[in-house]
Amino acid sequence: MKMTTKKMMGLLAVAAPLMATQAVAEIEGSITAGYSTDYEFRGATLGEDLAEASVALSTEVNGFTIAGNVWYASTNDNDAFVDNEADYTLSVSKSFGAVNASLGYIYYSYPEFAESNTQELFLTLSTEIYAGITGTVTGYYDFDLFDGWFMYADLGKSFTVNDQLALNLNAGIGAYESYTGFANAMNHYYVKAGLAWTPKENLTVTPFLKYTVADSDFPSEFTAADPLGTGDGGENIVGGVTISVAF
Numbered sequence: 108m109k110m111t112t113k114k115m116m117g118l119l120a121v122a123a124p125l126m127a128t129q130a131v132a133e134i135e136g137s138i139t140a141g142y143s144t145d146y147e148f149r150g151a152t153l154g155e156d157l158a159e160a161s162v163a164l165s166t167e168v169n170g171f172t173i174a175g176n177v178w179y180a181s182t183n184d185n186d187a188f189v190d191n192e193a194d195y196t197l198s199v200s201k202s203f204g205a206v207n208a209s210l211g212y213i214y215y216s217y218p219e220f221a222e223s224n225t226q227e228l229f230l231t232l233s234t235e236i237y238a239g240i241t242g243t244v245t246g247y248y249d250f251d252l253f254d255g256w257f258m259y260a261d262l263g264k265s266f267t268v269n270d271q272l273a274l275n276l277n278a279g280i281g282a283y284e285s286y287t288g289f290a291n292a293m294n295h296y297y298v299k300a301g302l303a304w305t306p307k308e309n310l311t312v313t314p315f316l317k318y319t320v321a322d323s324d325f326p327s328e329f330t331a332a333d334p335l336g337t338g339d340g341g342e343n344i345v346g347g348v349t350i351s352v353a354f
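Under our numbering, the letters of the sequence shown match residues 108 to 354, in that order.
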């Protein structure tokens, strides 16, 4: 299923009335580029040498944050499961006391394999648990190709090193539920460390390392030769860097 211009116009038409309630809304945005040694997605490797770029825009409307994001990625791997991918995301966020909530939509597009295109709705809830530790849970519902759920639970904390450096640490688990082709169980856990360097107010460079362990009931890698997955779980370390400019 291909993402048509009509679909994109329809999504924008939904958001337009909300934005129109505020005559002059300040729009914030960012442009990000990055490189990763592997394309790791929900505990499995989909290819090596991932180059990515994204553009994100957001605005405040009557206490809600309306955001949109376009993410493009390409792997330099002849046997990659994913050669090129473009994801389109729209979301609405609001804080309810100490809890931040975000409801959104994602369209996954694969130019070489349009039959694999799919769509998800997601709900994210996050709050500070204790001493700057943030707990986040996200549920993704694929209502198109896979007709099932994927869920994340994550703990994160940021440590200020100095005026320009912050160490960001995360740990979490992911699990499938009623997802076509996958068992109903936790499929992986991970820990991640990123060192965010902000040499200028609107520029951030973040090298990172991520360690994942996939459960033995789930494949650890998907390739063009074996799109159903290979491996019975296993460990993986992904390294990379992102550069982001805010405006």
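All C-beta atoms in this analysis are idealised placements derived from N, C-alpha and C, irrespective of residue type, glycine included.
Buried or exposed, going by whether 16 or more other CB atoms sit within 10 Å of the CB of residue i?
i: S323; result: exposed
i: D339; result: exposed
i: S143; result: buried
i: A282; result: buried
i: A151; result: buried
i: V345; result: buried
i: P306; result: exposed
i: K317; result: buried
When DSSP labels each residue in this structure, what does residue i get in the three-state scheme?
i: A174; result: strand
i: E133; result: coil
i: S380; result: Outside the shown range of the chain, which is 108 to 354, sits residue 380, and nothing can be said about it.
i: A221; result: helix
i: E308; result: coil
i: D251; result: coil
i: T128; result: Because the pLDDT at T128 is just 48, under 50, the model does not fix this residue reliably, and the point stays unresolved.
i: S198; result: strand
i: G263; result: strand
Nearest to residue i by alpha carbon, out of the options?
i: V320; options: E147, Y142, L310; result: E147
i: E308; options: V352, T267, A187, A332; result: V352
i: F257; options: T305, T267, E227; result: E227
i: T234; options: I173, L164, I344, A208; result: A208
i: A140; options: R149, N277, L153, A158; result: A158
i: P314; options: I350, F354, L153, G170; result: I350
i: A292; options: R149, E284, K299; result: E284
i: A278; options: W304, V244, Y286; result: V244
i: Y248; options: L210, Y318, N269; result: L210
i: S265; options: G246, N294, K299; result: K299
i: N224; options: N169, G204, Y195, A163; result: Y195
Quick check on residue i - is its C-beta less than 9 Å from some C-beta in chain D?
i: I173; result: Absent here is chain D; the protein component of the structure consists of one chain.
According to DSSP, what are the bridge partners of residue i?
i: A151; result: F148
i: S233; result: N207, T243
i: G347; result: S143, F315
Is the segment 239-257 in contact with the segment 267-274, if contact means three or more CB pairs nearer than 8 Å?
no
Meets three-Cβ-pair contact criterion under 8 Å: the segment 324-335 and the segment 181-188
yes
Measuring CB atoms only, is the segment 236-248 touching the segment 214-224, in the sense that at least three cross pairs come out at less than 8 Å?
no
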